[in-house]
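In what follows, a single structure is set out as structure tokens and then discussed.
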Amino acid sequence: MSTVDEVISFWLEEVGPDRWYVQDDALDAQIRDRYMALWEKARAGRLGNWASCPRGCLAYLIVTDQFPRNMFRNDPRAFATDALARTVAARACHLRFDGQIEEPARQFFYMPLMHSESQMDQDRAVRMFLLRMPKTGPSNLLHARAHRAVIREFGRFPYRNDALGRETTPAEQSFLVAGGYGVAVKRLQEAA
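See below:
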């Protein structure tokens, strides 16, 4: 079974920032092959002990928030452990565990909030990036604000509708056809 250090080393060094947010079928398959069993263990509530220290929280958040987005693209399981990740992220931020992790890895404490369809979580994600990621935060802050703008407009992420079996409203369909999330980012860039 993978350890905290192995998960962190894989995500931060082997995958690295250049591949964190790029769709790559080979990487997705690699994560499924190496970490599916670990993700299932986390989903079953059997990795809770990882959340007792900063590095353990970081590894837990990678497993429950980042890995499923790679392992299960266009599948509801991509979001199946989001609630677990949000709970650990909120507790870790309250305990200031995030401040004990260097940037840019620190962002993974805030990603579960940014991935949430709750306006309150979105507001908190923006605050976290603004206040706690001073060195590498500008790009992350832009994306946090873009996620929040989508939630403010629709109350959910329309690009998840198909995977979650939700009806897409006409307004959401127009948004998706116009470019979806990229439109939200562009609007914020133009307003700056």
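When the letters of the sequence shown are read in order and numbered with the UniProt record's numbering, they come out as residues 1 to 192.
Beta carbons: idealized from backbone N, C-alpha and C, even for Gly.
Note that the structure is a prediction, hence the values are computed from the model and not measured.
- In its chain, beyond the 5 residues on either side, 119, 122 have a beta carbon closer than 8 Å to the beta carbon of residue 152.
- When the alpha-carbon of residue 82 is set against those of 113, 160, 103, the nearest one is in 113.
- Residue 143 is classed as buried because its beta carbon has at least 16 other beta carbons within 10 Å across all chains shown.
- In this chain, the alpha helix (DSSP H) harbouring residue 57 covers 54 to 61.
- Taking one beta carbon from each stretch, the stretch 122 to 138 and the stretch 44 to 53 have fewer than 3 pairs nearer than 8 Å; the two do not touch.
- Uninterrupted alpha helix (DSSP H) stretches at least 4 residues long and entirely within the stretch 88 to 115 occur at 111 to 114, given in chain order.
- In terms of Cα proximity to residue 77, the closest of 93, 108, 40, 100 is 40.
- In its chain, beyond the 5 residues on either side, 74, 75, 76, 78, 79 have a beta carbon closer than 8 Å to the beta carbon of residue 163.
- Only buried fits residue 56, as 16 or more other CB atoms lie within 10 angstroms of its CB.
- Taking residue 7 as the centre and dropping the five residues before and after it, the same chain places the C-beta of 59, 62, 63 closer than 7 Å to its C-beta, in chain order.
- In the structure shown, residue 136 adopts coil according to DSSP, grouped into three states.
- Of 109, 158, 177, the smallest CA-CA separation from residue 89 is found for 109.
- Here the alpha carbons of residue 165 and residue 182 stand approximately 22 Å from one another.
- Residue burial is scored here from C-beta neighbours: residue 96 has fewer than 16 other C-beta atoms within 10 angstroms and is therefore classed as exposed.
- Distance between residue 140 and residue 2, taken at the CA atoms: about 28 Å.
- A direct Cα-to-Cα measurement between residue 54 and residue 100 gives close to 7 Å.
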